[in-house]
Structure formats: structure tokens, C-alpha cells
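Remarks on the structure that follows.
Number of protein chains: 2
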Amino acid sequence: MAILFLTPSVNSAARWADGLRKEFEDEDIRINSGPEGDADVEFAVVWKPPPGRLAALPNLKVIFSIGAGVDHVFADPDLPKDVPIVRLINETLTTQMTEYVVMNVLWHHREMDDYAILAAAETWRHLHPPRTPDRRVGIMGLGVLGSAAGDALARFGFSLAAWTREPRDWPLGEVFSGPEGLAPFLGRTDILVCQLPLTPETTGILNARSFAALPQGAVLINAARGGHLVESDLLEALKTGRLKGATLDVFADEPLAPGHPFWSCPKVRVTPHIASLTYPDAAARTIARNIARFRAGEPLIGLVDSAREY
Amino acid sequence: MAILFLTPSVNSAARWADGLRKEFEDEDIRINSGPEGDADVEFAVVWKPPPGRLAALPNLKVIFSIGAGVDHVFADPDLPKDVPIVRLINETLTTQMTEYVVMNVLWHHREMDDYAILAAAETWRHLHPPRTPDRRVGIMGLGVLGSAAGDALARFGFSLAAWTREPRDWPLGEVFSGPEGLAPFLGRTDILVCQLPLTPETTGILNARSFAALPQGAVLINAARGGHLVESDLLEALKTGRLKGATLDVFADEPLAPGHPFWSCPKVRVTPHIASLTYPDAAARTIARNIARFRAGEPLIGLVDSAREY
Numbered sequence: 001m002a003i004l005f006l007t008p009s010v011n012s013a014a015r016w017a018d019g020l021r022k023e024f025e026d027e028d029i030r031i032n033s034g035p036e037g038d039a040d041v042e043f044a045v046v047w048k049p050p051p052g053r054l055a056a057l058p059n060l061k062v063i064f065s066i067g068a069g070v071d072h073v074f075a076d077p078d079l080p081k082d083v084p085i086v087r088l089i090n091e092t093l094t095t096q097m098t099e100y101v102v103m104n105v106l107w108h109h110r111e112m113d114d115y116a117i118l119a120a121a122e123t124w125r126h127l128h129p130p131r132t133p134d135r136r137v138g139i140m141g142l143g144v145l146g147s148a149a150g151d152a153l154a155r156f157g158f159s160l161a162a163w164t165r166e167p168r169d170w171p172l173g174e175v176f177s178g179p180e181g182l183a184p185f186l187g188r189t190d191i192l193v194c195q196l197p198l199t200p201e202t203t204g205i206l207n208a209r210s211f212a213a214l215p216q217g218a219v220l221i222n223a224a225r226g227g228h229l230v231e232s233d234l235l236e237a238l239k240t241g242r243l244k245g246a247t248l249d250v251f252a253d254e255p256l257a258p259g260h261p262f263w264s265c266p267k268v269r270v271t272p273h274i275a276s277l278t279y280p281d282a283a284a285r286t287i288a289r290n291i292a293r294f295r296a297g298e299p300l301i302g303l304v305d306s307a308r309e310y
Numbered sequence: 311m312a313i314l315f316l317t318p319s320v321n322s323a324a325r326w327a328d329g330l331r332k333e334f335e336d337e338d339i340r341i342n343s344g345p346e347g348d349a350d351v352e353f354a355v356v357w358k359p360p361p362g363r364l365a366a367l368p369n370l371k372v373i374f375s376i377g378a379g380v381d382h383v384f385a386d387p388d389l390p391k392d393v394p395i396v397r398l399i400n401e402t403l404t405t406q407m408t409e410y411v412v413m414n415v416l417w418h419h420r421e422m423d424d425y426a427i428l429a430a431a432e433t434w435r436h437l438h439p440p441r442t443p444d445r446r447v448g449i450m451g452l453g454v455l456g457s458a459a460g461d462a463l464a465r466f467g468f469s470l471a472a473w474t475r476e477p478r479d480w481p482l483g484e485v486f487s488g489p490e491g492l493a494p495f496l497g498r499t500d501i502l503v504c505q506l507p508l509t510p511e512t513t514g515i516l517n518a519r520s521f522a523a524l525p526q527g528a529v530l531i532n533a534a535r536g537g538h539l540v541e542s543d544l545l546e547a548l549k550t551g552r553l554k555g556a557t558l559d560v561f562a563d564e565p566l567a568p569g570h571p572f573w574s575c576p577k578v579r580v581t582p583h584i585a586s587l588t589y590p591d592a593a594a595r596t597i598a599r600n601i602a603r604f605r606a607g608e609p610l611i612g613l614v615d616s617a618r619e620y
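So the protein lines, in turn, are chains A and B. Going by our numbering, the first residue of the first sequence is number 1, and it counts up by one from there. Going by our numbering, the first residue of the second sequence is number 311, and it counts up by one from there.
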């Protein structure tokens, strides 16, 4: 049997080859190989697999995403229908995302960009942000990542709420759910953090209508997927002052092209999809454990519901 | 009896008058008054009191600092010798400082200033910072503020150590102590956080010799007092690259004057002594509780050791 790693990134492929080979000493690890000799490939480990490539593996048993999201897998129109798809859940992904969210929520909360503007003018002036119990942070999505971010933010005393697909209990704040819960959720949110999976239901959810429901001067942190955001709507909302600022880690087209207005908009902080980087060594360990579970007939961790595409 | 509030800041005086009067409805609250009619002043609440002013209060029972530090009180050469001095310990001060330290440690850890430079050049590139267990954060001072910062940083998994005046146990990392512990502590510290009180022993402790003991490319976060830092030594260490950057909230002379080189140095982030702002309402409550303790013959919370000036 063999494990096939598929990615468009040459740099990443080299680092993954090392990570996988260390974890699977006795297995045949192939990187971007085939389609000849594909008959013995049982497991595919993928990031943005070439469309049609997975369908050409006759004995594929499981598809492993190397990211927390699987939208890049469902983007393949020829995706095999009956092969289980697994997203990556590992502590390293989660802790990095928590760092990113806490850091950026605190940055906006403490008005650090305003202090940077004052400092550029060599001006010493105190701003008076509210204390955390009076700062309303709203998290979209309470999956592994959204929940972890919520736990960490709660320790700072923020006033938390969340928006989820279906109603649920959450000890840390009010949960709004479904399409009818969206506007009330946004209406009480000063700092909006998107941690949703990208599915047909959530595509374009960060749009002009959502921004209009936020309080004047709210800020957006999108560390989920570029597809959640209607980019032109955000630029307009920043222009009118409806939104005060945005921190964006993900974009409709990545890498973000030189000349894209986000790069030069002073109200937008761009990071290059680094909120949570997959470390090949840690991820290969997680995948190895999951393959062992599969072979032992145990349930896979992170198994995706194909109907929901998450 | 009367309570006298002394501060050079007119803005702050107005906000304090409200806070104190709300808390002490039946007491005579005076703001920057006297020296006539001082005989009934029992308690002084102070920020940078005018030298000699406290000595002119014949029946003074306690001096309350409205900051966590008391160096601004000891700066008075005529400070009465036998009047207890109390520094402010309250949750609002502590939580704000924890926010500031965590935010800035994460900012340096995740190399956000480097990403800002890349973004200004419209360049999409991944940096590969170590994970938190491989990032060594060193805290100088394990008082109320340093301990709280340590607790919060430990939750992110950083490799922690601390430097203190005297040896002590600390469950979160190694503790180095005394003059002989300083160089080894600095030698294992990538991100240095100063949370020391300013005393004769700690004045100027952030100097060229200390910077030389840090690993190449370390960063400094000073949220303690400007007097801890030899400013010209920091500028030199940034110039040579010994230090990669610094986040400074406090300065030898505040407000930091226009034209001071820190404002325009791209490796220095200046904030205007806002890491932990005293909120008059919360602080007045803390002081009121302490006055009640004093009248009941109970020990004061935050009582300063005059020999150590902290």
C-alpha cells in the first residue's frame, strides 16, 4: 500500500516528504506522483489537490486534509463520492489560532493601531478604551478553533457571544444561531472574529448586510477563509466608517496579489494565511494515528459530513 | 478628618474628585488644596506629589499611591519617615497589565512587525517562528503584576523563566535571582518583559551589559518604569542588531518629548504609559477598603517596605 501527498506547493512538498517519511517508516510515501502506479494508493494527504486527481485513485480509502478546513477538497468537481474525508485537528493548529485570535482581539481592544498613529505624529495622548467586561467580542463558529479562542478570550473577561449553525449551549456567553440569529448577534458585537468553516451556507457571509448590522466602528478579524468575505463590501464599509478596521489572514485569491487594495488600505492589516500553519511533523503524527485507527476499525477523528461539506 | 488628593494632572484631578466623592460620601475630600487648613488631613492619595507637600501635613496617617509603583512618592526628598505608604493593588490594574504583556509578547512571538514590513512591500511570505514551547520568555519581577503575566503566558505554552531579588519557588519556570542570576537569566531569554518595581537596586538595570547578555535578536518589553532603562544603551543595542525590537510604555521623562529618538525609531513601539491605567472608580474603592481596614486596626494591603522603597 502507499500514501500519496498532493499539493501545488513545491516548498511545502519537500517539508512534508520528510515529515511523512519519519512517521511512516515502513510505508511507500509518494509526493505528487502518478497517475501511473496509483493502484496501491490507499491514503491521500492533500492541500488543494488537482481537480480529478483523487478520482483517478482506484483503491483510495481515506482523504486527509492537511488544514483544519476541507473547502479546498470540495472544490474538486470530480471528488469521489464515497471516500471518507478527514480534516486536520491537532493541538498545534488550535494553539496557533488561539494565539492569533487573542493577540488581534487584544490589539483592537487596546486600540494599538490608534496609538501607532499617535506615535507617528509623536503625540502622547491617553485613549480610554472600555474595560474587557464592556467590550463585546463575537465569535462566528464554535468548532474546535472557535471554542478554543472563546476559552482563551473568556479568561480576559471579555463579554462574549457566538453565532452557530444550530442552537447549542455554551457556558461562556449567549449563542445566537441560524440565519435569524445573525443580525442580533452582529448588533451586540464590537470585535467580530470569523472562525467558520467555508461551506455553501457560509460563503460570502461577511457582506454589506452583515456589516450594516454591526455597531458603528466595529472591527473584523477573519482567520477562517477568504470565501467568507465579500472583499468589495469590506472596503466600502471601511470607507464609510461603519467598520473601523480589519485584520485579515485569508483571501479569495491567495497569495494576495500585489496591487490588491487590501495591501495599501491603512485600516486593513494583512497577514499571509499564517494564523495557523500546519507543521508537517505534528500533522504527520496526527494522520498516522488516524490511519492506525482506520485500520483497527475505529472511527476517524475529524471525519467530515459530506452533505454539509464540513 | 479629611482626604487630600495630590496630582500635577488637572484632567486626572477632576476624574478623581468624582471617584473619591462617590466612595467617601461623608468625608471631606480635597483636591490639590492647602497648605492652609491641613491639620485635619489624615489620608493622602497621590501621584507625583509636590516635593515637601506631604511633610507639611501634621496629622497624616497613610499615604496611598494611585499607581502600582511608589517610586514617584520616594522621589520626594522630604517624604515623612514614619507614615506608612501603600501602593495600589487592584484587579483592574492587574488585568490591564496582563492584557498588555500577553498582547505584546504574542506580537513579537508571531513576528507581526515583520509581517507589517512585508505587507508594506505587498509581499506574501511565510515566516516560520518557533512554537511557544521553543520561545523563551523571561519576566523580571514576580510581584502581583509579574506573576499574573506569567500565569497568562504559561497558558500559551511559552518556555518561562523569571528573575527576582531573592530566590523563590515558582511552578511555571526556573527562577534566577540576585545580581549573579541576572546574566544566566538573560542568556536564555528571547522576549524580555520588565515588571520590576523601580528601586535604587533596579534603577538602570536595562543597560548595555544586560543587553549584551541577551541572545542576539532578543526583544524588550518595558511596562514597568522608565528609570529601569538606560535609553541610549537601548538605541545602541537596536542599532547593532543585538536587540531586534522594543515595546516601551514608560520613559525617563513623561510625556515623551516630541523629537525623542524613540518616536521615530522603526524598531521601537511607543505607548504613552497606558499598559495599566488607574480607573478612579475602581481605585477609590480599593483605597476606601484599605482606609476601613486601617481604622479597624487591620493590616493595610499593599504596605510598602520603606527600606526597600517597595
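Ideal Cβ positions, reconstructed from N, Cα and C, are used throughout, including at glycine. Remember, predicted model here, so these are calculated numbers, not experimental data.
Contacts that residue i makes with chain A (C-beta to C-beta distance below 9 Å)
| i | result |
| --- | --- |
| residue 569(B) | 122 |
| residue 357(B) | Under the 9 Å cutoff, chain A gives no residues; its nearest Cβ is about 13 Å from residue 357(B). |
| residue 441(B) | 92, 95, 96, 279, 282 |
| residue 412(B) | 102, 103, 106, 156 |
Whole-number beta carbon distance between residue j and residue i, since they are thought to touch under 8 Å
| i | j | result |
| --- | --- | --- |
| residue 531(B) | residue 506(B) | Rounded, the Cβ-Cβ distance is 12 Å, inconsistent with contact. |
| residue 471(B) | residue 456(B) | That belief does not hold up - the Cβ atoms of residue 471(B) and residue 456(B) are roughly 12 Å apart, past 8 Å. |
| residue 272(B) | residue 529(B) | Look at the range of chain B in this structure, 311 to 620, and you will see that residue 272(B) is not part of it. |
| residue 137(A) | residue 153(A) | 6 Å |
| residue 358(B) | residue 317(B) | 7 Å |
| residue 113(A) | residue 127(A) | Contact doesn't hold; Cβ gap of about 11 Å is too wide. |
| residue 583(B) | residue 559(B) | 6 Å |
| residue 38(A) | residue 58(A) | 7 Å |
| residue 497(B) | residue 523(B) | 6 Å |
| residue 394(B) | residue 613(B) | 6 Å |
| residue 53(A) | residue 69(A) | Actually they are not in contact, since the Cβ atoms of residue 53(A) and residue 69(A) sit about 19 Å apart, beyond 8 Å. |
| residue 477(B) | residue 487(B) | 5 Å |
| residue 508(B) | residue 474(B) | With a Cβ gap of about 15 Å, residue 508(B) and residue 474(B) do not count as contacting. |
| residue 122(A) | residue 568(B) | 4 Å |
| residue 41(A) | residue 2(A) | 5 Å |
Bridge partners - residue i, DSSP secondary structure assignment
| i | result |
| --- | --- |
| residue 530(B) | 502(B), 556(B) |
| residue 3(A) | 29(A), 43(A) |
| residue 450(B) | 473(B), 504(B) |
| residue 487(B) | 474(B) |
| residue 86(A) | 64(A), 303(A) |
Residue range of the unbroken beta strand (DSSP E) whose run includes residue i
| i | result |
| --- | --- |
| residue 455(B) | Counting along the chain, residue 455(B) falls outside any beta strand (DSSP E), though it belongs to the alpha helix (DSSP H) covering 454-464. |
| residue 300(A) | Unbroken run through residue 300(A): none, as it is neither H nor E. |
Amino acids of chain A, ordered along the chain, whose beta-carbon sits closer than 7 Å to that of residue i
| i | result |
| --- | --- |
| residue 467(B) | 95 |
| residue 620(B) | Per Cβ cutoff of 7 Å: no residues; residue 620(B) is ~25 Å from chain A at best. |
| residue 429(B) | 263, 270 |
| residue 409(B) | 106, 110, 156 |
Residue i: contacting residues in chain A (beta-carbon distance under 8 Å)
| i | result |
| --- | --- |
| residue 418(B) | Result: empty, since nearest Cβ-Cβ is about 10 Å, beyond 8 Å. |
| residue 529(B) | Result: empty, since nearest Cβ-Cβ is about 15 Å, beyond 8 Å. |
| residue 376(B) | Within 8 Å Cβ-Cβ: nothing; residue 376(B) doesn't reach chain A, min ~14 Å. |
Boundaries of the alpha helix (DSSP H) in which residue i is found, first to last residue
| i | result |
| --- | --- |
| residue 211(A) | 208-213 |
| residue 331(B) | 320-333 |
| residue 403(B) | 401-419 |
| residue 240(A) | 231-240 |
| residue 253(A) | Looking at the DSSP string, residue 253(A) is not in any alpha helix (DSSP H), and its letter there is neither H nor E. |
| residue 427(B) | 422-430 |
Chain B residues whose Cβ lies nearer than 7 Å to that of residue i
| i | result |
| --- | --- |
| residue 256(A) | 434 |
| residue 31(A) | The premise fails here: residue 31(A) is roughly 19 Å from chain B at the closest Cβ pair, so nothing lies under 7 Å. |
Neighbouring residues, chain B, relative to residue i (Cβ below 8 Å)
| i | result |
| --- | --- |
| residue 139(A) | Correct list: empty, because the minimum Cβ distance to chain B is about 18 Å. |
Cross-chain neighbours of residue i in chain B, by beta carbon under 9 Å
| i | result |
| --- | --- |
| residue 301(A) | Those do not exist, as residue 301(A) stays about 21 Å from chain B at its closest Cβ, beyond 9 Å. |
| residue 89(A) | Result: empty, since nearest Cβ-Cβ is about 17 Å, beyond 9 Å. |
| residue 191(A) | Simply none; closest approach about 13 Å. |
*Within the region 258-284 of chain A, ranges of the alpha helix (DSSP H) (whole runs, at least 4 residues)*: 261-264
*Can you give, in chain order, each stretch of the beta strand (DSSP E) that sits fully within the region 25-84 of chain A and has at least 3 residues?*
28-31, 41-46, 62-65
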